[in-house]
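One structure is given below, encoded as structure tokens.
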Amino acid sequence: MSLLTQQSLPKTRSLNMALNKVRDGLIGDTEFMKTPFGDRKITYADYTASGRSLAFIENFITQKVMPFYANTHTEATVTGRQTSAYREDARQLIADACQANDDDVVLFCGAGATGAVDKLIRILTLAHHLNHDDSVIFIGPYEHHSNELPWRESGAKVVRIKEAKGGGICLQDLEQQLVTHQEIRLKIGSFSAASNVTGIIQEQDAVAALLHKHQALSFWDFAAAAPYMKIAMNSAIDGANKDAIFFSPHKLVGGPGTPGILIIKRALLTNETPSTVGGGTVSFVSRDNHTFLAPGERSEEAGTPAIIESIRAGLAFKVKSDIGDDAIEALEEKWSGLIKQKFDTNNGIHVLGTPNTKRLSITSFRVKTEFGYLHHGLVVSLLNDLFGIQMRAGCSCAGPYGHDLLNIDEDTSLQLVDLIAQDKRFKPGWVRFNLNYFIEEQEAEFILQAIEFVAEHGLQLMALYEYDQVSDLWLYKGEKAEVLSLSKGLEDAMNLDESHHVTVQKLSIHDKQALWQSYMDKAQSMLASTPAIPLYVRNKSTKALASNLRDFVTKEDFIY
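So for the sequence shown, this note's numbering puts the first residue at 2; every next one is plus one.
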């Protein structure tokens with residue numbers, strides 16, 4: 002039975018019901034936050050970093066999983082048997098959602114995609130002893146740190162493939178590099194299915210087929226793509242199957258509190274010794290000897306696994322499967338088209354990435370003024386404080402791609418290291434957000450309207466903010482960044498009436514619209530009481546501020 006719908010319904014009605022179920026179950030969607038300008042309803046647009054929890058998943062875990070919880074290393078008791086069954090169900094749900102078959106092994110691996118890549122490298126190192134002379138890893142232009150830094154540290158040679166002029170991996174460059182390295186014993190291509198910065202989608206089958214043509218393995222990072230795209234471990238196109246894929250289920254709606262996932266061809270698990278040894282990986286242990294299990298799921302998941310987390314991952318993928326890949330991709334295309342329509346004609350918003358390429362709604366931008374860019378940290382603070390909108394400032398853990406997007410050459414990069422030591426504002430970056438497939442049109446319009454407001458008026462509103470070098474935050478004058486205490490929160494929870502049910506307060510879309518309009522009205526009214534943009538005189542009082550590498554404006558540049 003579906004988590005979302007319980008009967009056969011016409012397709013459109015069924016989809017709308019499923020989307021409403023997700024919206025209604027979203028934990029935190031009706032929470033309010035305190036800002037310098039009053040309370041604001043939280044509007045979350047940071048799903049690329051992490052998804053949000055769903056009440057019906059958490060209730061299922063609390064009511065059906067936790068009462069029967071036990072370690073999975075036994076099936077002799079009802080609790081051990083049921084917990085093991087739930088976890089294996091989760092493994093199968095993920096396999097089905099990713100079109101994996103009996104030739105593939107689904108492994109739960111530590112902390113997100115990073116944990117999965119680490120597991121993959123450990124497996125390869127045991128089998129192939131990765132080194133610079135006879136192992137080469139081809140990575141793409143869009144990789145985030147999880148799919149680049151571990152390979153750099155693996156001992157293998159790492160070769161970065163160029164971006165094609167129209168976006169995506171340059172197949173000509175990839176083939177040239179494959180030919181150049183044809184004598185190398187182990188060749189691997191490890192590429193992102195979609196960029197976590199720009200949302201640009203990579204065509205997978207052509208790349209996988211080209212890799213296999215040159216006897217290279219085909220690995221794919223779905224960390225950014227998994228919540229929004231079809232995942233196909235096995236392709237209908239000859240030679241285009243993938244040898245391994247990895248991703249972070251915590252980025253799916255319903256996914257927070259889940260481990261990384263690695264799906265790998267069973268044929269690659271050739272090690273008699275598991276990549277990590279410990280409890281659960283052996284069939285027998287004597288005083289001096291031990292025998293490992295045959296290579297597979299059990300041998301590669303040493304120790305007590307992240308049991309609840311794994312089950313939650315399966316449930317999050319069940320939600321995705323119930324809604325349907327085709328429906329999700331169509332909604333993503335709708336949102337990415339809306340973003341393009343709104344921002345292409347706005348000279349104050351600079352959207353990063355090769356234009357006119359197929360993208361997810363994942364978008365990174367900078368705000369341009371006549372004097373320079375608004376600092377990305379300030380833009381995020383304004384969106385947070387004025388509108389309650391949650392976005393992310395920084396380089397999105399994609400430093401090399403960021404250098405490309407911001408046209409930072411090696412000499413400039415070295416100079417920036419010195420400047421950052423003097424002034425943290427010099428850390429390169431942008432603002433990133435996405436419009437998740439299940440949000441309603443009114444919410445999407447509100448988010449984009451808020452960005453346009455900040456692009457138009459952010460320079461004037463900068464007068465209300467101070468930059469704090471210690472926290473690296475832009476704060477409203479006199480404000481301190483405060484957070485809740487975990488210990489105090491537990492004490493409060495223990496004093497509440499006992500309940501095992503997670504509930505989400507309802508706010509209708511009309512209620513939300515009224516709140517959003519009030520925030521926009523208040524933001525407009527603030528402009529009247531905020532000084533007009535004063536005289537601009539580029540500040541050169543410090544070596545850092547005087548640098549010709551500074552492309553952003555600061556309060557010190559204006560005479561108030």
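Where a beta carbon is used, it is the ideal one built from N, C-alpha and C, also for glycine.
Just so we're clear, the structure is a prediction, and the values are computed from it rather than from any experiment.
* Sort out for me which residues DSSP pairs threonine 44 with in a bridge. => Ile390
* Endpoints, beta strand (DSSP E) assigned at aspartate 469 -> 466–469
* leucine 528 beta carbon less than 8 angstroms from that of leucine 460 -> no
* Option nearest lysine 120 by Cα separation, candidates Asp103, Leu179, Asp326, Ala245 -> Ala245
* Asked: Of the choices Trp221, Ala114, Gln423, whose alpha-carbon is the least far from that of lysine 266?
  -> Trp221
* Cβ pair count under 8 angstroms reaching 3, the stretch 310–327 against the stretch 126–140 -> no
* To do: Quick one: using the 10 Å Cβ neighbour count with 16 as the cut-off for buried, is threonine 364 buried or exposed?
  => buried
* To do: With distances taken Cα to Cα, identify the nearest neighbour of glycine 167 among Phe38, Arg360, Ala77.
  => Arg360
* How about leucine 417 and leucine 516: are their beta carbons less than 8 angstroms apart? -> no
* May I ask you to report which of helix, strand or coil DSSP gives serine 472? => coil
* **Start and end residues, beta strand (DSSP E) containing aspartate 206** => No beta strand (DSSP E) contains aspartate 206, which is instead part of the alpha helix (DSSP H) from 205–214.
* With a cut-off of 8 angstroms on the beta carbons, I'd call tyrosine 468 and aspartate 386 a contact; round off their distance for me. => Rounded, the Cβ-Cβ distance is 14 angstroms, inconsistent with contact.
* **Own chain residues within Cβ distance below 6 angstroms of arginine 14, not counting five before or after** => none
* Asked: Could you check where the alpha helix (DSSP H) with serine 322 kicks off and where it finishes?
  -> 308–324
* **Nearest neighbour of tyrosine 402, chosen from Asp424, Gln100, Leu150, Val505 [CA to CA]** => Leu150
* Asked: Does the beta-carbon distance from serine 196 to tyrosine 143 come in below 8 angstroms?
  -> yes
* Sheet register partners of threonine 36 (DSSP bridge) -> Gly39
* To do: Closer than 7 angstroms by C-beta to valine 159: which residues in its own chain qualify, once you throw out the five before and the five after it? Chain order, please.
  => Ile138, Ile140, Trp152, Arg153
* **Three-way DSSP call (helix, strand, coil) for histidine 291 in this model** => strand
* **Reduced DSSP category for glutamate 154 - H, G, I as helix; E, B as strand; rest coil** => coil
* Asked: Taking DSSP as the reference, what is the three-state secondary structure of tyrosine 402?
  -> helix
* Looking only at its own chain, which residues have a Cβ that is under 8 angstroms from the Cβ of lysine 507, when we skip the five neighbours before and after it? -> Asp25, Thr31
* Confirm, please, whether the CB-CB distance from glycine 297 to threonine 79 is below 8 angstroms. => Here residue 79 turns out to be valine, not threonine, going by the sequence shown. Result no, Cβ atoms of valine 79 and glycine 297 do not sit closer than 8 angstroms.
* Are three or more beta carbon pairs between the stretch 338–345 and the stretch 243–261 nearer than 8 angstroms? -> no
* Who are the near neighbours of arginine 41 in its chain, counting only those whose CB is closer than 7 angstroms to its CB and skipping five residues on each side? -> Phe33, Met34, Phe388, Gly389, Tyr520
* Going by DSSP, which residues form a beta bridge with threonine 563? -> Here the chain comprises residues numbered 2 to 561, so residue 563 is not present and cannot be evaluated.
* To do: Spell out a yes or no on whether the stretch 280–293 and the stretch 89–100 are touching, meaning 3 or more CB-CB pairs, one atom from each, closer than 8 angstroms.
  => no
* Rounded distance between the beta-carbons of leucine 127 and threonine 274, thought under 8 angstroms -> 6 angstroms
* **Nearest-angstrom Cα separation, counted from glutamate 557 out to leucine 546** => 9 angstroms
* Asked: With C-beta atoms as the reference, is lysine 544 less than 8 angstroms away from glutamine 470?
  -> no
* Once you ignore the five residues that flank asparagine 21 on each side, which residues in its own chain have a CB closer than 6 angstroms to its CB? -> none
* Asked: If you draw a straight line from the alpha carbon of lysine 523 to that of serine 530, how long is it in whole angstroms?
  -> 11 angstroms
* Should phenylalanine 372 and valine 554 be called a contact, given that it needs their Cβ atoms to be closer than 8 angstroms? -> yes
* Using the C-alpha atoms, what's the distance from aspartate 47 back to serine 397? -> 11 angstroms
* To the nearest angstrom, report how far apart proline 68 and lysine 489 are at their CA atoms. => 26 angstroms
* Asked: alanine 268: buried (16+ other C-beta within 10 angstroms of its C-beta) or exposed?
  -> exposed
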